[in-house]
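**Student:** This is the structure, below, for whatever I ask next.
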Amino acid sequence: MSTARQREILRIKKMKKKTPGQVSQISLGLSSNPIQGSSEQCDDRPDRQERPRPPKLPQFAKQNVKLWFAQCDALFRTARMVEDDDKYSCIVGVLEMDVAEQVQRLVVDPPIFGKYEALKAELILKFSDSLSEKQDKLASMELGTNKPSYLLTQMQAIGLDLVSEAYLRNLWLRRLPDPLRTVLAATNEPLVELAAKADELAALNDNRRVASLQDVGTSALGFNAEDQIARLTAQVAALRTQILVKPKNEKEEEIASGWCRFHRQFRDKAFKCLPPCSFPKNA
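When you line the sequence shown up against numbering that gives the first Met the number 0, it's residues 0 to 282, in that order.
See below:
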């Protein structure tokens with residue numbers, strides 16, 4: 000018997016002594032090491048990298064959709080989320096049912112490309128005020144107990160794309176108390192600085208008002224009404240002397256007195272008119 004034949008017989012006998020699983024492993028030539036190109040190695044390829052974790056978005060804000068999307072875009076940048084599909088899915092996922100119904104077409108059948116920007120534009124269009132509604136809001140805004148700078152910020156959020164900054168400045172000044180408006184009306188400071196100055200003067204005026212009330216409470220100890228009037232007059236005079244006050248155009252005020260509140264506020268840019276109103280129709 001040849002040497003090669005003897006070796007083959009010995010190999011077969013050894014294989015019979017092993018378990019079926021071991022025989023299969025030997026016959027197939029498998030090793031305990033992972034196969035080259037396994038799934039673990041495939042996961043390291045660039046196209047199989049882990050997708051960015053979706054950020055937690057704030058609740059949808061109907062009253063200011065532009066600002067809400069600005070917040071969402073900032074969160075997307077922080078999370079390094081740039082894919083159109085990912086951003087679109089995040090927005091759809093936080094919309095309440097009544098909001099989603101307003102953009103149902105883009106939710107049920109979105110475009111293949113640019114679906115996020117399309118949804119963003121549609122939501123802004125659906126929940127933004129019309130020009131007429133913005134004018135109505137501007138005309139009804141009052142200072143109340145707020146700071147002058149807060150009122151200006153609210154008016155800017157509505158009116159910057161509606162009227163010029165100069166007109167908005169004039170509209171804001173009309174909402175301030177007479178003593179404060181008198182002091183600020185003639186200054187040419189930038190609007191932001193003017194608002195800060197208005198806050199300071201308003202706080203000063205509030206402090207003086209409290210002090211005056213305290214003085215009135217002590218009038219029984221020797222102060223009379225004439226002293227109080229003189230003191231208040233001096234306070235107003237001190238504010239007036241800070242800047243040169245421009246006189247009002249009495250003729251213009253007399254003409255405007257017959258106009259409705261929309262034409263008094265917006266002149267020829269008014270989108271509404273409430274009769275009776277004497278504003279020239281062709282102005």
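We put the CB at the ideal spot given by N, CA and C, even for glycine.
What residue from Gln103, Glu188 and Lys196 has the CA that sits closest to Pro147's CA?
**Tutor:** Lys196
**Student:** Along the chain, where does the alpha helix (DSSP H) containing Glu100 start, and where does it finish?
**Tutor:** Met96 to Gln101
**Student:** Starting from Pro178 and walking both ways along the alpha helix (DSSP H), at which residues does that stretch end?
**Tutor:** Asp177 to Leu183
**Student:** Let's see if you can read the secondary structure: which residues bound the alpha helix (DSSP H) around Thr152?
**Tutor:** Pro147 to Gly158
**Student:** State the CB to CB distance for the pair Lys136 and Gln101, rounded to an integer number of angstroms; the pair is presumed to be in contact (CB under 8 Å).
**Tutor:** Not really, about 21 Å apart at Cβ, beyond 8 Å.
**Student:** Within the same chain, show all residues whose beta-carbon is closer than 7 Å to that of Ala69, passing over the 5 residues directly before and after it, in chain order.
**Tutor:** none
**Student:** Near Pro51, what residues of its chain come up, given a Cβ to Cβ distance below 6 Å and the 5 sequence neighbours on each side ignored?
**Tutor:** Ala78, Arg79 and Met80
**Student:** Going by other Cβ atoms of all chains shown within 10 Å of its Cβ, with 16 needed for buried, is Leu175 buried or exposed?
**Tutor:** buried
**Student:** Examine the Cβ distances between the segment 84-100 and the segment 110-123 and report whether three or more of them are shorter than 8 Å.
**Tutor:** Yes, the segment 84-100 is in contact with the segment 110-123.
**Student:** Starting from Asn169, trace the alpha helix (DSSP H) both ways and give me its first and last residue.
**Tutor:** Note, Asn169: alpha helix (DSSP H), Glu164 to Arg173.
**Student:** With 16 as the cutoff for other CB atoms within 10 Å, does Val182 come out buried or exposed?
**Tutor:** The residue is buried, with at least 16 neighbouring Cβ atoms inside 10 Å.
**Student:** Does Ile8 come out as helix, strand or coil in the three-state DSSP assignment?
**Tutor:** Ile8 falls in the helix class under three-state DSSP.
**Student:** Helix, strand or coil for Cys272 per DSSP?
**Tutor:** coil
**Student:** CB-CB under 8 Å to Leu200, same chain, minus the five flanking residues each way: which ones, in chain order?
**Tutor:** Leu179, Val182, Leu183 and Leu238
**Student:** For the alpha helix (DSSP H) holding Ile90, just list the boundary residues, first then last.
**Tutor:** Asp83 to Val93
**Student:** Between the C-alpha atoms of Gly36 and Glu82, what's the straight-line distance to the nearest angstrom?
**Tutor:** Low local confidence applies: a pLDDT of 43 at Gly36 is under 50, so the model's placement there is unreliable, with the coordinate-based value given in what follows. Approximately 29 Å between the Cα atoms of the pair.
**Student:** Which value, in whole angstroms, describes the spacing of the CA atoms of Ala194 and Ala138?
**Tutor:** 19 Å
**Student:** Have a look at Pro279, Gln264, Lys280 and Gln62 and flag the residue whose alpha-carbon is nearest the alpha-carbon of Asn169.
**Tutor:** Gln264
**Student:** Identify, in the order they occur along the chain, each residue of the same chain with its Cβ nearer than 8 Å to the Cβ of Val91, setting aside the five sequence neighbours on each side.
**Tutor:** Excluding residues within five positions, the ones whose Cβ falls inside 8 Å are Ala99, Val106 and Leu118.
**Student:** CA-CA distance, Ala202 and Asn145?
**Tutor:** 11 Å
**Student:** Quick one: Cα of Ser131 to Cα of Arg260, how far?
**Tutor:** 13 Å
**Student:** Around the C-beta of Leu159, are 16 or more other C-beta atoms found within 10 angstroms, so that it is buried, or is it exposed?
**Tutor:** Exposed: under 16 other Cβ atoms inside 10 Å.
**Student:** Could you check how far apart the C-beta atoms of Glu161 and Leu150 are, in whole angstroms? I think they sit under 8 Å.
**Tutor:** As written in the sequence, residue 161 is Leu, which differs from the Glu given in the question. Going by Cβ atoms, the distance from Leu161 to Leu150 rounds to 16 Å, so no, they are not a contact pair.
**Student:** Pull up the distance between the alpha-carbon of Leu172 and that of Met154, whole angstroms please.
**Tutor:** Their Cα atoms are separated by approximately 11 Å.
**Student:** Would Cys89 and Pro57 qualify as a contact pair, given that the criterion is a beta-carbon distance under 7 Å?
**Tutor:** no
**Student:** Taking only three categories from DSSP, how would you classify Gly28?
**Tutor:** Residue placement at Gly28 cannot be trusted, given a pLDDT of 46 that sits under 50; what the coordinates show is reported in the next sentence. In this structure, Gly28 counts as coil in the three-state DSSP scheme.
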